[in-house]
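Participant:
Numbering (the numbering used here), first residue to last: 115 to 269.
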């Protein structure tokens, strides 16, 4: 999934100093299965490199800081929970996929969030497993792993 920046919103206080930066990210699968990611991440002064202010950083640097924070959230810095699992069956009554929706909201009052939808197909299942062998917990874990993979930042 390619994740893009939709907006970088930089707001200023009365002293013309940046008071907040919020980055909106989104992503859609290229396979047409409806998978997506929607997220909003705030960047604080403490997130900036030492000696830099918001007036010194480029959009690309702000984006990189936001992407790192998004990846950290997906990897466990934010509590991500399953909101639904929808299993689809073929005419023979066999499960053919499971659509797992995950959501998370930062607990620090920043308003940061992640909304993620992932279609798990038989190709995503561990070797030797079928949907009949997969519990809801295993599907949730698999979707969370895919979220981490989709948001991973290149080193």
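Using N, Cα and C, we set each Cβ at its ideal position, and we do this for glycine too.
How close, in whole Å, do the beta carbons of residue 220 and residue 192 come, if the pair is a contact with beta carbons under 8 angstroms?
Facilitator: 6 angstroms
Participant: In whole angstroms, what is the alpha-carbon distance linking residue 129 and residue 200?
Facilitator: 50 angstroms
Participant: Assuming residue 214 contacts residue 253 (C-beta within less than 8 angstroms), just tell me the rounded distance between them.
Facilitator: 6 angstroms
Participant: Express the C-alpha separation of residue 247 and residue 156 in angstroms, rounding to a whole number.
Facilitator: A direct Cα-Cα distance of roughly 40 angstroms separates residue 156 from residue 247.
Participant: Let me make sure I understand the geometry here. Which of 197, 195 and 153 has the alpha-carbon closest to that of residue 177?
Facilitator: 153
Participant: Looking at residue 187: is its Cβ nearer than 9 angstroms to the Cβ of residue 141?
Facilitator: no
Participant: Let me confirm a value: residue 234 is counted as buried when at least 16 other C-beta atoms fall within 10 Å, else exposed. Which label applies?
Facilitator: buried
Participant: Quick one: measure Cβ to Cβ for residue 117 and residue 259, integer angstroms, because I've assumed they're closer than 8 angstroms.
Facilitator: Not quite, the Cβ-Cβ distance comes to about 16 angstroms (not below 8 angstroms), so this is no contact.
Participant: For the alpha helix (DSSP H) containing residue 151, list its first residue and its last residue.
Facilitator: Segment 150-157 is the beta strand (DSSP E) holding residue 151; no alpha helix (DSSP H) there.
Participant: In terms of residue numbering, what span does the beta strand (DSSP E) encompassing residue 174 cover?
Facilitator: Residue 174 -> not in any beta strand (DSSP E); alpha helix (DSSP H) instead, spanning 173-186.
Participant: Report the option in 194, 151 and 263 whose CA atom is closest to the CA atom of residue 143.
Facilitator: Its Cα nearest to that of residue 143, the residue 151 stands out among 194, 151 and 263.
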